[in-house]
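Asks: To convert a position in the sequence shown, counted from 1, into the numbering used here, add 79. A single structure is presented below for examination.
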Amino acid sequence: MADTRGNLQDEFLNQIRKEKLPVSIHVINGYQFNHLKVISFDNYVILVEDDGGVQRLIY
């Protein structure tokens with residue numbers, strides 16, 4: 080039987096993407112990205128864009 084529940088991470092990121100909410104992302108090396116908008120994502124990466132229109136792929 081298939082699991083029909085949504086993935087919490089996907090639901091969270093999708094809502095942020097739809098509402099174009101600014102987010103901060105902290106990566107494992109301690110660096111922090113601020114004021115980003117989520118453009119797209121999958122299970123392994125997040126594509127974000129900063130206020131200047133520069134896109135970054137975070138994995």
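Don't be surprised by glycine CBs; every beta carbon is placed ideally from N, CA and C.
Report the CB separation of S103 from Q111 in whole angstroms; it is logged as a contact under 8 Å.
Replies: About 6 Å; that satisfies the 8 Å criterion.
Asks: Helix, strand or coil for K97 per DSSP?
Replies: In this structure, K97 counts as helix in the three-state DSSP scheme.
Asks: Here's a check: name, in chain order, each residue in its chain whose Cβ is nearer than 6 Å to the Cβ of H105, leaving out the five neighbours to either side.
Replies: Result list for H105: Q111, in chain order.
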